[in-house]
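Numbering (my numbering), first residue to last: 6 to 109.
In structure tokens:
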């Protein structure tokens, strides 16, 4: 009986760790965001509020690609250009942004 209780406790700990990891993935700060030419309205991905850390410009956006390094690829016309209000992101090839998931 003790072995069953121990394995249940192990499963519970694993579930709690997974839930904590999912909660942490709901938002991020100081993320490198690059741009590409996507057509995000044709992709049914989650909506995110994205904020340019340099200028404070914000937009609700559909993110269509997340880089393996944890950064975001933003569509140039519909997202990147709108929050790159001072043109520095285009000049540098990326922005530093904060994002969080929002309800669709």
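Even for Gly, the Cβ is constructed at its ideal location relative to N, Cα and C.
Since this is a predicted model, take the numbers as computed values, not measurements.
Quiz prompt | Spatial neighbours of residue 65 in its chain, beta-carbon cut-off 7 Å, leaving aside the 5 residues before and after | solution = Closer than 7 Å at Cβ, skipping near neighbours: 52, 54 and 107.
Quiz item: In this structure, does DSSP put residue 31 in helix, strand or coil?
Solution: coil
Exercise. Assign residue 58 to one of three DSSP states: helix, strand, or coil.
Key: Annotated three-state conformation of residue 58 is coil, per DSSP.
Quiz item: So, helix, strand or coil for residue 68, using DSSP?
Solution: coil
Exercise. Within 10 angstroms of the Cβ of residue 94, are there 16 or more other Cβ atoms? Answer buried if so, exposed if not.
Key: buried
Quiz item: What number of angstroms, rounded off, separates the C-alpha of residue 92 from the C-alpha of residue 32?
Solution: 25 Å
Self-check item: Local Cβ density within 10 Å of residue 57, reported as buried at 16 or more and exposed below that
Solution: Per the 10 Å Cβ criterion, buried.
Quiz item: What first and last residue would you give for the beta strand (DSSP E) that runs through residue 95?
Solution: Element bounds for residue 95: not the beta strand (DSSP E) but the alpha helix (DSSP H), 93 to 97.
Quiz prompt | Extent of the continuous beta strand (DSSP E) run through residue 89 | solution = Segment: none, residue 89 is in no beta strand (DSSP E) and carries neither H nor E.
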